[in-house]
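Each remark here refers to the structure printed beneath this line.
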Amino acid sequence: MGDIRQSLLPRDVLSAAKELLYHLDIYICNLVQSGRQPPQVDSKTQELVEEFILHAPKDRNTPARRMSALQELQLLEIMCSCFQEQSRDTVRQLMFSALFSLQGNQADESRMVLLGKLVSMAIAVGRVPILECAASWLQRTHRVYCVRLAQVLVDDYCSLVPGSGPTLQNIHSASPRFCCQFITAVTTLYDLTTEELTPPLELLQMIVSWIQDDPRLVLINFLNTPLSGNHPISSLDVTPLGGLMRWCVKAPLAYKGDKKQALTNSSTERGREVGPLFSALHLSVLQVLMLLPNILNEKGLYGRLALLQMESLASLTSDLSRLLDQADKHAPSTDTRALPQLALDRLAQALQVSMANGALLCSREDLRAICSRLPHNNLLQLVLSGPVMYYNNIHSPAMAFSPHAAHSPIASHPTHPPLPTHPPLPTHPSSHPQYPAQPFMTGMSFPFRPSH
Amino acid sequence: MSAQKDCEFLVKRARDLVSDDPCAAKAWLITARTLYPADFNIQYEMYIIERNAERTASAGRLLYDMFINFPDQPIVWREISVITAALRSDSQDKHALFLRGLFETLPGRVQCEMLLKATEQCFNTLEKAEMLLLLLKRFPESVVQHGVSLGETLLEAEASENVETPVNCFRKLFVCDVLPLIMNNMDMRLPASLMQKYMLKAAEFYIGYVTRGPAADVQIQGSQDGGSLKSPTVSRGSQRYVIDGLSEKSSVVAEPWERLLDIVAVVGARCEWQGDKGQRSYVDMLLRVKELCRYLPSLEGDTRSRCCSQVVICAALVLFRSAFIYLSSVQPALFQGVNALSSGPWILVEDFSSVYSDLESERGAGKHKKRKLADGREKTMSSDDEEGLGKGRGRHILVNKTEMPSWSETLESFRTARESWDLLHSHDGLETEFKKICASWKTDSWLWFRIFLTDTIIYQGQYRKALSSLHQMAAVQQPQPGQQSPSGQGSLEHHRALIQQASCHYALGEYRLACEKLLDVVCGLTPPTQEPTKSPEDWSRGKTKTRKGNDLRLLPCTGKAVLPFCFQLMFACFKLRTFTDSRDDLSLGHVVVLLQHDWPQGEMLFLKAVDKICQQGSFQYENFFNYVTNIDMLEEFAYLRTPEGGRIQLELLPNQGMLIKHHTVTRGITKGVKEDFRLAMERQVSRCGENLFSVLHRFCINEKIMIIQSLP
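First to last, the protein sequences are chains A and B.
The first sequence: position 30 = 30 (this note's numbering), numbered continuously.
For any residue, its number in this note's numbering is found by taking its place in the second sequence, counting from 1, and adding 1000.
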């Protein structure tokens, strides 16, 4: 492959790039056919890609060849049709890797720029194969770069060209995998810490409608990926659940923050507008969590795989306590009490439902640890202390859920044993303290019981 | 304690939020449910939110969960009974549709279980049956287990509730809903006797339904009743009908005769009836059993009795259906759902359309006269029957085709019904079986069927029997005219009976009775203001065909048609007396008056009367100038007095006879009489334009007693 360099040099930038793509295609086809495992593009080829497609300077002496905007557009079109026409999935994936896998060198900058333009174009013209490849790329690549790609797309579709939102809306049906990864990336990008890091309204609406239409979208990557346990730490979460949860919990306080920064009508209106959106999104997140036990059981992962990490929840609670402190300082009036309580309600709900459905593997004591700095909230206290064990509802018969549910044709609601038995956790081996004894101390007021 | 408080707290928070932020409310409940999965109130609250928002799928899922997890909760049962009530109702409102949709989202097994349990909790027989029916309709496999017992329960309920009519809610459910399920389920094996019993139950219901009378529903005003009938009770085709205990919609039975035929076909196939399996029409059915009847004498034992019941059931159904079709043309007001506006009642009577023209018609009537003489010595029914049977063959029934567009179907049905009736009485075995059916259905009390039978007897010429039947019916109907309607229907009904009686009396030679009845009718009528234009049909028929005089006619029961008929019949009564050798000026006078009707149809007979007067040389009829306004006749009588006319002595002025006797010596007075006659004639000529109907009507009313007395 290296020997074609001489033939590429005399050509103009566009035809050289074209020629290289053509050869790359043949080269990868042969590579796949030869059956060598793993099929890997050699470094010579990588260099050619960097020189003739990414136009990264080879060394300081030779000036980088540059393409005009028009030539670049033509190249993107060629790449689009190249991926579109390639019928073999493996070849397409290898090709995409050869072009856009980060190499940790100077060329990565141009790689990211070209990738952003290509994916943006693929969204615009509905090139599903490219979106599928990009979804895989988002799974493999360090989250910092994923977030950068997401930023480019949000800029293109939500900020730069008004009214182009509907185009982005379509990715949900074009490539659910890409859509799911995009949500994960976007929730990682916008952590609601500053004004800049709150998602544009249009984007928020889009995400809410996607998930409302199809809650399983959130889990699509998780459902499609064989989880081998070697999920790279630095990459994006498998699901956007954690990110979405963070959004919903922080939103009441983050958007309230707008008010004090700019007391304009637009910002308060924005707050009023996003309220129902986050409420709906929060409900969707809980509903998705309710789907988990069946899926985890099917995969044999119930109690073994935590979709939500304790660390990220810990950072959420510390963020939240910081935000609450701020809120308290800036607006101590009573009418703003409701918003901190809403945030805490949502946190409590998210923690309880996650735990009950096997998305979060920890004990209530662990939760109490990460929530220790938070102010009082009735529901949070109830969740942290857990349900009263001896449940004597006079109406309810002896609970025998599992036999019924086993035959249940509507397999939506998980079966809950009356005692939430937590599977032993590798990180927290002993986590059942004094609770089982608690109901017997009837006369005693329990510190965590909500005061209602 | 504490758990209960927790749950109450969680539910309360959700409830507080639901109107402003339903998503938040649901989030609370989802959380609550993971904390206390065994708490009923949490799940019920979740269900209520979805139900109130009418979200079918999610509400269905939650209801299912509650049904499985809290099967003993009264609230769940209340909810289920609301849903099953919606399933049974035919309401189309949004909520009912939602509840039905909700039920549909449940898995079949759960639906089945729910319905069964809901049925167990039902105490009302009808509701219980409807519930079980829902189950049977949805789950055909349950028919085998529950079908027959449900049917028997309904029949028992009908018996124990002492319902008055076979058209009741229990029977309706049994016949229209349960029976088809049982009959069409191939896994069911029922004994033939049971199937026949069920089929007869079905037949009784359908016939009862079709022939139900118009309900005297005060709420529904017959505001649009057209025609001459002003009675609010006269049925309009669209009048609503509700079977007690059922909704209006489920009280409707579509195409009852077809449904009945379906059942007959299934029963026939299952009982292995003779002949073609697919009996597709009632006419086919009659043809088949007619054929079968021929082999009946050669059969024995079981085969024979099976054959017998096939013949009787089929013939009986054809009989009742054809009789109904005939009656719905002839007496549409008897039935609800038959359009009564198209025409009023029709009367089957002797035909007199050619009475003025046919000189030879006395021959037929002459027989009666002779027989009438024999009647003097205690005549019995038997000879009446004999003669009736002789006359019954191939009688024509005339009907004005433009006034009865369905004439051909009507007459055909009448014929088919008579045929079936004859078939059913052609054999002792058949008759016994048929009488059993009649007894169990109490057909004696079916007014419409009696009317049919009476018409049949009339057709057969058994007038004495017909008269007694008519008297009986009149007795049954007596209280009705008053209560049914003040003016129209009742009196029309009454007229109908009188006219038919008159026609029978005439046929029996009982002219005085015939005229008595007729004059009762005429007195109750007001003459039409316009003289009817003679229909060309009547003309041509009278001219071209020589009738034997024993034809029948379907006469519309309207003043316009009845009055001419009365004149014709009265004329027929006098005709025979008049044209005999003995002198009877009074009758001859009546005949002359009546001959004016339908002039010049009776010209020949008038000339014959004139001949008779000439032969007598004199004629006395003091009513002449009161009722004779026909110019031709006046001219003729004027001529008779002239020398050329033969100087006939005419005493046509009231009290003229007295005058002549008194002043016979004085020539001058005779001259004065002549002058009176001339003046009377002149005055009479000026009356020529008078409405003849009014004149003849007045004649009937004023001279009623004299007319009757002049007949034997």
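We put the CB at the ideal spot given by N, CA and C, even for glycine.
These numbers come from a predicted model, not from an experiment.
LEU301 of chain A carries a coil assignment under DSSP once its states are collapsed to helix, strand and coil.
Scanning its chain for C-beta atoms nearer than 7 Å, with the 5 sequence neighbours on each side dropped, one finds around CYS1566 of chain B the residues LEU1518, VAL1521 and VAL1522, in chain order. With respect to GLU1690 of chain B, THR1629 of chain B sits close: the two C-beta atoms are nearer than 8 Å. In the pairwise beta carbon analysis, the stretch 275-287 of chain A is classified as not touching the stretch 316-325 of chain A: fewer than three pairs are separated by under 8 Å.
Below the 7 Å Cβ cutoff, chain A contributes LEU283 as neighbours of LYS1026 of chain B, in chain order. Residues of chain B whose Cβ lies closer than 9 Å to the Cβ of GLN71 of chain A do not exist, since the nearest Cβ in that chain is about 50 Å away. Counting of Cβ neighbours within 10 angstroms places CYS82 of chain A among the buried residues, the total reaching 16 or more. Contacts between LEU114 of chain A and chain B, judged by CB atoms closer than 7 Å, are missing: the closest CB pair is about 41 Å apart. The C-beta of GLN1615 of chain B has fewer than 16 other C-beta atoms within 10 Å across all chains shown, which makes the residue exposed.
Annotated three-state conformation of GLU1403 of chain B is coil, per DSSP.
As the crow flies, the alpha-carbon of LEU1586 of chain B is around 13 Å from that of LYS1612 of chain B. Note that the stretch 1278-1294 of chain B touches the stretch 1307-1316 of chain B; at least 3 beta-carbon pairs, one per stretch, sit closer than 8 Å.
Annotation: Cβ neighbours of ALA280 of chain A in chain B (cutoff 8 Å, chain order): CYS1023. When the alpha-carbon of LYS1094 of chain B is set against those of B:ALA1129, B:VAL1685, B:THR1056 and B:VAL1330, the nearest one is in B:THR1056. Look at LEU160 of chain A here: in three-state DSSP terms it is helix. Straight through space, the alpha carbons of VAL128 of chain A and HIS172 of chain A are spaced by roughly 11 Å. Every candidate beta strand (DSSP E) stretch fails here, since none sits fully inside the stretch 1071-1114 of chain B while reaching 3 residues. By alpha-carbon distance to CYS362 of chain A, the top candidate from A:ARG337, A:LEU308 and A:ILE183 is A:LEU308. Counting the other CB atoms within 10 Å of its CB gives GLU1104 of chain B a total below 16, which places it among the exposed residues. Distances from the alpha-carbon of ALA16 of chain A to those of A:CYS29, A:VAL274, A:ARG66 and A:VAL41 put A:ARG66 closest.
By the C-beta criterion, the stretch 135-145 of chain A is judged not to be in contact with the stretch 154-166 of chain A, since fewer than 3 inter-stretch pairs fall below 8 Å. According to DSSP, GLN1649 of chain B shares a beta bridge with B:SER1618. Collapsing the DSSP output to three states places LEU1398 of chain B in a strand.
Cβ-Cβ separation between ALA359 of chain A and LEU292 of chain A: approximately 5 Å, consistent with a contact (criterion under 8 Å). By the C-beta criterion, the stretch 1410-1423 of chain B is judged to be in contact with the stretch 1451-1461 of chain B, since at least 3 inter-stretch pairs fall below 8 Å. By the Cβ test, the stretch 139-149 of chain A is in contact with the stretch 180-196 of chain A, since at least three Cβ pairs between them sit closer than 8 Å. Cβ proximity to chain A below 9 Å picks out SER1002, ALA1003, GLN1004, LYS1005, ASP1006, CYS1007, GLU1008, PHE1009, LEU1010, LYS1012, ARG1013, ASP1021 and PRO1022 from the stretch 1002-1022 of chain B.
Ranking B:PHE1677, B:SER1445 and B:SER1089 by CA distance to the CA of SER1250 of chain B puts B:SER1089 first. For ILE1243 of chain B, there is no enclosing alpha helix (DSSP H), as DSSP gives it neither H nor E. Counting C-beta pairs closer than 8 Å gives three or more between the stretch 238-253 of chain A and the stretch 345-354 of chain A, which meets the contact rule.
Residues of the stretch 176-189 of chain A with a C-beta atom less than 8 Å from some C-beta of chain B do not occur.
Boundaries of the beta strand (DSSP E) harbouring PRO1556 of chain B: 1552-1556, taken from the DSSP string. Taking every protein chain shown into account, the CB of LYS1575 of chain B has 16 or more other CB atoms within 10 angstroms, so this residue is buried. The DSSP assignment places complete alpha helix (DSSP H) segments of no fewer than 4 residues inside the stretch 1280-1317 of chain B at 1282-1295, in order along the chain. Taking 4 residues as the shortest admissible run, the stretch 205-251 of chain A contains the following complete alpha helix (DSSP H) segments, listed from N- to C-terminal end: 220-224. Sixteen is the threshold: when 16 or more other Cβ atoms of the shown chains lie within 10 Å of the Cβ of LEU374 of chain A, as they do, the residue is buried.
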